[in-house]
Amino acid sequence: MAQKKNVVVIGAGVAGLTTALLLSKTGRYNIVVAAKHMPGDYDIEYASPWAGANYMPVSVRGTKAAEWDKNTWGPLEDLAQNHLEAGVHFQDCEIHSRSKDAGSATATWFAELLSPSPWFKDVVPQFRVLPKSELGPGIDSATVFTSVCINTAIYLPWLVSQCLKNGVIFKRAVFKHISEAATLGVHQSKKADLVVNCTGLMASKLGGVEDKTVIPARGQIVVVRNEAGKMMDISGTDDGDEEACYIMTRAAGGGTILGGSYQLGNWDSQVDPNMAVRIMKRAVQLCPTLTGGKDIEHLDVVRHGVGLRPVRQGGTRIEKERINGLWVVHNYGAGGAGYQSSYGCAQAAVTLVDEALETRAKL
Ligand code: FAD
35 MAQKKNVVVI GAGVAGLTTA LLLSKTGRYN IVVAAKHMPG DYDIEYASPW AGANYMPVSV
95 RGTKAAEWDK NTWGPLEDLA QNHLEAGVHF QDCEIHSRSK DAGSATATWF AELLSPSPWF
155 KDVVPQFRVL PKSELGPGID SATVFTSVCI NTAIYLPWLV SQCLKNGVIF KRAVFKHISE
215 AATLGVHQSK KADLVVNCTG LMASKLGGVE DKTVIPARGQ IVVVRNEAGK MMDISGTDDG
275 DEEACYIMTR AAGGGTILGG SYQLGNWDSQ VDPNMAVRIM KRAVQLCPTL TGGKDIEHLD
335 VVRHGVGLRP VRQGGTRIEK ERINGLWVVH NYGAGGAGYQ SSYGCAQAAV TLVDEALETR
395 AKL
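If you want this note's numbering, it's the 1-based position in the sequence shown plus 34.
Written as structure tokens, this is what we have:
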């Protein structure tokens with residue numbers, strides 16, 4: 035059998051951890067995950083802990099993004115069914131549309147999700163269009179299906195533990211240039227054969243990459259102890275184009291996430307208290323069950339938070355290239371879809387690693 039090649043994955047968000055896990059399952063690589071932030075940290079440069087996170091595809095039919103989302107449903111469904119310790123559970127999901135939102139930024143971004151016949155209707159279980167008689171006030175159409183909600187505080191450490199079980203090494207490191215990762219010195223002082231770049235938003239600043247088409251989409255959230263009983267999303271709000279309304283209850287006591295916002299180009303890490311009130315008011319209006327029909331004073335707040343979605347013009351970058359003679363495989367820029375596309379993207383990245391290092395041919 036050929037000697038194992040050495041791979042360094044930069045980044046311990048959902049992209050880096052899922053890629054490291056799938057690489058480790060091949061048995062073809064010695065793997066080090068090196069990152070500035072690890073599960074357990076909360077930081078504005080680290081998107082993954084802030085996500086809801088659920089599976090609500092907004093990817094457009096026929097695109098690579100839709101393929102990655104499609105390829106991710108199976109593994110997430112398997113976790114919710116067979117690996118309860120991962121912190122992923124099934125939850126009903128209701129998508130509401132208001133005709134007056136047509137043409138708005140959110141409705142355009144959500145076009146596939148809001149469609150009565152999206153590509154994923156045959157992927158997720160029990161997809162159906164709600165009859166008019168079941169629609170709430172101000173709602174013009176709605177669909178429901180079974181989806182999953184991920185408790186990121188459980189799921190990210192679970193990914194780490196699965197990697198550890200497969201021999202992956204974890205190391206704190208901060209790189210100014212991508213080629214520094216190859217000389218980390220943990221592979222018995224040998225240079226890495228390949229670096230996988232899963233740096234999310236920070237791919238915009240990492241030397242050798244500096245992808246200026248990656249920008250933040252600021253998302254503010256409120257975590258509450260109240261339960262919604264289902265996940266809900268709506269095509270728009272009356273509070274401007276940058277604000278959104280969605281609700282999801284995390285698995286295993288993770289609380290309910292009330293969102294949110296989608297503020298492109300905004301790097302502000304601080305909670306806007308006025309926006310927090312608007313988020314809570316909209317959530318209680320869309321889902322009165324949260325407070326038993328009472329006002330927002332009856333929401334029991336765990337914390338407020340802000341995360342930055344790593345949005346890349348042209349979509350997630352899954353490509354291989356040589357930088358200063360070093361093989362690099364990129365997997366960054368998943369925007370608001372990092373979890374729901376995680377397995378599809380990671381599998382595509384593993385294929386590129388195999389191609390670059392020609393490991394499949396040699397084994
Ligand atoms: P990150 O999680 O940001 O990780 C980047 C990693 O790279 C970190 O470990 C960081 O320390 C490391 N790094 C970066 N630069 C360097 C460097 N120079 N040296 C060393 N290490 C470095 N997605 C969904 O699928 N479903 C949802 O419901 C959902 N909801 C969301 C709600 C909110 C409010 C937000 C903010 C996001 C949401 N997302 C959701 C999107 C999802 O969170 C992101 O797409 C995903 O977390 C991106 O993961 P990542 O691993 O690419 O980046």
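Glycine included, every Cβ here is placed at the ideal spot set by N, Cα and C.
Source: prediction; values computed, not measured.
What are the boundary residues of the beta strand (DSSP E) that includes residue i?
i	result
residue 194	That residue, residue 194, is in no beta strand (DSSP E); its alpha helix (DSSP H) goes 186-199.
residue 116	No beta strand (DSSP E) holds residue 116; the alpha helix (DSSP H) holding it covers 98-116.
residue 56	Run containing residue 56: none in the beta strand (DSSP E); it sits in the alpha helix (DSSP H), 48-60.
residue 252	248-258
residue 125	122-131
residue 295	290-295
residue 278	277-283
residue 344	335-346
residue 206	203-206
residue 363	360-366
residue 64	63-69
residue 20	This structure does not reach residue 20, given that the chain is present from 35 up to 397, and the question cannot be answered.
residue 265	265-268
Identify which residue in the options has its Cα closest to the Cα of residue i.
i	options	result
residue 402	102, 211 and 193	Nothing can be reported for residue 402: it is not among the residues displayed for the chain, which extend from 35 to 397.
residue 315	266, 187 and 279	279
residue 252	344, 158 and 326	344
residue 12	339, 350, 168 and 355	Any question about residue 12 goes unanswered here, given that the chain covers just 35 to 397.
residue 239	61, 373, 367 and 92	367
residue 39	60, 303 and 265	60
residue 277	292, 286 and 283	292
residue 369	287, 81 and 169	81
residue 282	158, 212, 186 and 146	186
residue 304	43, 66 and 79	79
residue 143	93, 157 and 244	93
residue 290	230, 102 and 264	264
residue 64	210, 42 and 393	42
residue 199	190, 70, 391 and 55	55
residue 126	158, 329 and 140	158
residue 215	111, 357, 327 and 388	357
residue 160	141, 124, 189 and 386	124
residue 154	359, 169, 313 and 100	100
residue 385	191, 354, 374 and 137	354
residue 341	329, 306, 321 and 374	306
residue 313	268, 211 and 285	268
residue 390	230, 286 and 320	230
residue 408	362, 138 and 320	Because residue 408 is not part of the residues shown, which for the chain are 35 to 397, the question remains open.
According to the neighbour-count rule (16 or more other Cβ atoms, all chains shown, within 10 Å of its Cβ), is residue i buried or exposed?
i	result
residue 128	buried
residue 334	exposed
residue 397	Note on residue 397: pLDDT 46, under 50, position unreliable in the model; the coordinate value appears next. That one is exposed.
residue 308	exposed
residue 272	exposed
residue 351	buried
residue 331	exposed
residue 301	exposed
residue 133	exposed
residue 68	buried
residue 167	exposed
residue 151	exposed
residue 57	buried
residue 118	exposed
residue 208	exposed
residue 311	exposed
residue 393	buried
residue 237	buried
residue 376	buried
residue 89	buried
residue 365	buried
residue 73	buried
residue 146	buried
residue 165	exposed
residue 115	exposed
Between which two residues does the alpha helix (DSSP H) containing residue i stretch?
i	result
residue 377	376-391
residue 140	139-143
residue 317	307-320
Below 8 Å on the Cβ atoms is my guess for residue i versus residue j; work out the distance and round it to an integer in Å.
i	j	result
residue 197	residue 47	That pair is no contact at about 13 Å.
residue 412	residue 177	Nothing can be reported for residue 412, as the shown portion of the chain is limited to 35 through 397.
residue 234	residue 45	6 Å
residue 250	residue 294	Going by Cβ atoms, the distance from residue 250 to residue 294 rounds to 14 Å, so no, they are not a contact pair.
residue 107	residue 255	24 Å between Cβ atoms; not a contact.
residue 97	residue 380	Contact doesn't hold; Cβ gap of about 18 Å is too wide.
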